[in-house]
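Structure first, then comments.
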Amino acid sequence: MSALQTIVDAVALGSLFALVAMGIGLIFGVMRLVNFAQGELLTAGAYALLLTNDLPLAVSIVVMFATVIAFALATEVAVRPLRTASPAAMLVTTFAFSFLLQAVFLLVWGSQGDNVGILPELNQAVEIGGLRVRWVTLASIGVGALLLTGLALLLNRTTIGLEMRAAAHDFRTARLLGVRANRVIRFAFLLAGVLAAAATLMLVVQRPLVTPTFGFQLVIPALVGVVVGGLDRLTSATLGGFAIGFATAILGDVLPSGSRVFLPSVVFALVIVVLLVRPSGLFTRARTVVERV
Amino acid sequence: MNRLRGASELAGPVFLLALVAVLGSFASRSIQVEFRSALVSATIVIALYVFVGNSGVVSFGHVSFVAVGAFAAGLVSVPEALKLSASPELYPFIAGAEVGNAASLVIAAAVGGVYAFLVGVPLMRLSGLAAGIATFAVLEITHNVLRNWPKIGPGAKTLPLVPETSSLLQLGVGAIAVATIAFAYQRSRPGRLLRAAREDSAAAQGSGVNIHRQRLLAFTLSGALAGFGGGLLVHLLGSITTEQVYLDLTFITLAMLIIGGVSSLWGAVVGALLISGLNSLLAEAEKGIGAVDLPTGARLVTLGTLMALVLLFRPSGITGGRELTFGRVRAHVPRRFRPERAT
Chain C
739 MSALQTIVDA VALGSLFALV AMGIGLIFGV MRLVNFAQGE LLTAGAYALL LTNDLPLAVS
799 IVVMFATVIA FALATEVAVR PLRTASPAAM LVTTFAFSFL LQAVFLLVWG SQGDNVGILP
859 ELNQAVEIGG LRVRWVTLAS IGVGALLLTG LALLLNRTTI GLEMRAAAHD FRTARLLGVR
919 ANRVIRFAFL LAGVLAAAAT LMLVVQRPLV TPTFGFQLVI PALVGVVVGG LDRLTSATLG
979 GFAIGFATAI LGDVLPSGSR VFLPSVVFAL VIVVLLVRPS GLFTRARTVV ERV
Chain V
22 MNRLRGASEL AGPVFLLALV AVLGSFASRS IQVEFRSALV SATIVIALYV FVGNSGVVSF
82 GHVSFVAVGA FAAGLVSVPE ALKLSASPEL YPFIAGAEVG NAASLVIAAA VGGVYAFLVG
142 VPLMRLSGLA AGIATFAVLE ITHNVLRNWP KIGPGAKTLP LVPETSSLLQ LGVGAIAVAT
202 IAFAYQRSRP GRLLRAARED SAAAQGSGVN IHRQRLLAFT LSGALAGFGG GLLVHLLGSI
262 TTEQVYLDLT FITLAMLIIG GVSSLWGAVV GALLISGLNS LLAEAEKGIG AVDLPTGARL
322 VTLGTLMALV LLFRPSGITG GRELTFGRVR AHVPRRFRPE RAT
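Taken in order, these protein sequences are the chains called C and V.
The first sequence begins at 739 in the numbering used here and counts up by one.
The second sequence begins at 22 in the numbering used here and counts up by one.
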């Protein structure tokens, strides 16, 4: 029974990471940019919730979505000069963005952290067939599944979705065939913003203490998951995000309590092993990759 | 003649480092600390440059080697009783070890180099994003283990009362020695092979360069120098915790290297000294100098902004990634910071 309990929690954590991972994957798909600053979208959203804590819940959530999306679109403008840079150079640049935003948050709100008491009732547990599951766990899984399905439909059934997939596959050819590059890139950032906002809401309910590194703590494993899963396709990136959340939760339960403090080491060691065995990603199609070293 | 002009490229970095050490000796004791810490930063950034600059592969993991170097040098410099009071479970061979200042720095370099070699054997097969993430994983693992394994160090506690032997003279000599080693390496055959691989890995491989071996060599050397830098750091601070050698230091050293210009020794030195100076100035301004009184945290915001702007609009750094040359002919001019494309 407790094994099932662990699996439910692991799926919930996995869904949360998958949301962030999918945002990273979307942006990478259209412009080969790994966005380290994705986590700061979540932090900005959490601070938006903090500032609007006294307003009605619906207003607060709308403001939060608007803030996160605005931040996402601002990121798009900021990275425009980078479009021709190499992925590694872009990674370092967004790392700098991330650090800068954290410094700004630190300057404004300090490092102590503030409590955002939003939707505390979601933390109550509900009993399903002997399992005690918190509402927020169910909500995370539900929201995750809903958004991921919605996005899949959007990508596969609409024109802009088709354009995004074309751009992700071969950006230059897509442009030549009339795909509007700026629009596609902006749309990818917009979607990444929506995903980040949804993740913010779920995360704040579970961890109400908002600090300047609130989102950074989540984006590191998600980012690692994305690379481990494979950046080539959106599905593999999302699966990678899910896998790292799932594996972290499972390992956290399996490890003997004495060595649980070493959980990050175990997870990251696993990451290194996977990267060595499959440098292009765990969930990418098996094909002969010519390693340019 | 060519050799002479080549060696003259080392003059700029050495002069600048010596200048900082000399200027520092005129400063009052409280301000002198800033000069000393600038020299330590320069040492660490040069160490980082040896790998990142020559190979073009980004490493988020070098502070791991600084960390193990700092703890190694710190642990062998503190008397046994003191160590055991900070961490009673310490392995006897660590608890019992006590050596002098110079030996502790040698140990720091050795530990850093060995650790980098062990990590590098598997990791140097990776490139691009995978290498970035994997080196980051190394940083996380190192931090996590150092923090939670009381048998090899003080764990989450502070290692106190490390002798503060990092004088201006020692730091100046140390930084110049590290710069000289870095320069000798980049002029040597292995250094040139690695730089060739950075510019065009396929062509380099076609010409018979074993890229894995060359990267591993640079990584190990770089790790040893970073460990040495860690040793200098711990003797400067007088105490150390795992948090001091973690994300913030990773960011600041990378920022220094990138702002200066990642593909030249001159860039590494200029970046490190410039940002150290700015950092000290801003830290003073946060405390208030004259009419200027910045809020706490403005320092990090300024540095972050500067790094982001340089990366966006001058990705090759303020020196353009060139060595400082005298005369008309430039010996070898790496055009810009261009890490290899991810596969």
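Beta carbons: idealized from backbone N, C-alpha and C, even for Gly.
None of the values given here were measured: they were computed from a predicted structure.
- The beta carbons of residue 163/V and residue 260/V sit no closer together than 8 Å.
- DSSP places residue 50/V inside the alpha helix (DSSP H), whose first and last residues are 50 to 76.
- Considering only beta carbons, the part of the region 985 to 999 of chain C lying closer than 8 Å to chain V consists of 999, in chain order.
- For residue 852/C, DSSP records a beta bridge to 948/C.
- When Cβ-Cβ separations below 8 Å define contact, residue 972/C makes no contact with chain V.
- 8 Å or more divides the Cβ of residue 1013/C from the Cβ of residue 296/V.
- Per DSSP, reduced to three states, the secondary structure at residue 818/C is helical.
- Taking CB atoms only, residue 146/V has a neighbour in chain C less than 8 Å away.
- For residue 333/V, a Cβ of chain C is located within less than 8 Å of the residue's own Cβ.
- Apart from the 5 residues on each side of it in sequence, residue 64/V sits with its Cβ closer than 8 Å to the Cβ of 192, 195, 196, 199, 246, 249, 250, 253 in its chain, given in chain order.
- Taking a 10 Å sphere around the C-beta of residue 344/V, we find 16 or more other C-beta atoms and assign the residue as buried.
- With the rule of 3 Cβ pairs closer than 8 Å, the region 71 to 81 of chain V counts as touching the region 279 to 295 of chain V.
- By the rule that beta-carbons nearer than 8 Å mark a contact, residue 224/V does not touch chain C.
- Against chain C, the CB of residue 165/V has a partner CB under 8 Å away; the residue lies at that interface.
- For residue 745/C, DSSP assigns no beta-bridge partner whatsoever.
- Residue range 210 to 220 is occupied by the alpha helix (DSSP H) that includes residue 220/V.
- The DSSP-derived three-state label of residue 261/V is strand.
- With 16 or more other Cβ atoms inside 10 Å of its own Cβ, residue 985/C counts as buried.
- Exposed is the label assigned to residue 907/C, since fewer than 16 other Cβ atoms lie within 10 Å of its Cβ.
- Taking a cut-off of 8 Å for Cβ pairs, the region 982 to 1000 of chain C and the region 742 to 750 of chain C touch, as three or more such pairs fall below it.
- Bounds of any alpha helix (DSSP H) do not take in residue 177/V, whose DSSP letter is neither H nor E.
- Across the region 168 to 190 of chain V, CB contacts with chain C closer than 9 Å involve 168, 169, 170, in sequence order along the chain.
- In this structure, residue 853/C keeps its C-beta atom at 8 Å or more from the C-beta atom of residue 950/C.
- Looking at the backbone, the Cα of residue 766/C and that of residue 799/C are separated by about 27 Å.
- Residues of the region 1000 to 1016 of chain C with a Cβ closer than 7 Å to any Cβ of chain V, in chain order: 1000, 1002, 1003, 1006, 1007, 1009, 1010, 1013, 1014.
- Judged by DSSP in its simplified three-state form, residue 199/V adopts helix.
- Within the region 234 to 248 of chain V, 236 place their CB atoms closer than 9 Å to a CB of chain C, listed in sequence order.
- Remark: C-beta atoms of residue 967/C and residue 975/C approach each other more closely than 8 Å.
- Using a Cβ distance threshold of 8 Å, residue 160/V and residue 271/V count as a contacting pair.
- Taking a cut-off of 8 Å on C-beta distances, the region 934 to 943 of chain C does not touch the region 834 to 843 of chain C, as fewer than three cross pairs fall below it.
- Under the three-state reduction of DSSP output, residue 913/C falls in the helix class.
- Inter-segment contact for the region 747 to 765 of chain C and the region 866 to 883 of chain C is present: three or more beta-carbon pairs are separated by less than 8 Å.
- Collapsing the DSSP output to three states places residue 99/V in coil.
- Neighbours of residue 274/V across chain C, judged by C-beta separation under 8 Å, do not exist; the nearest C-beta is about 12 Å away.
- Membership of residue 864/C in the beta strand (DSSP E) is indicated by the continuous run 863 to 866.
- Residue 870/C is bridged by DSSP to 865/C.
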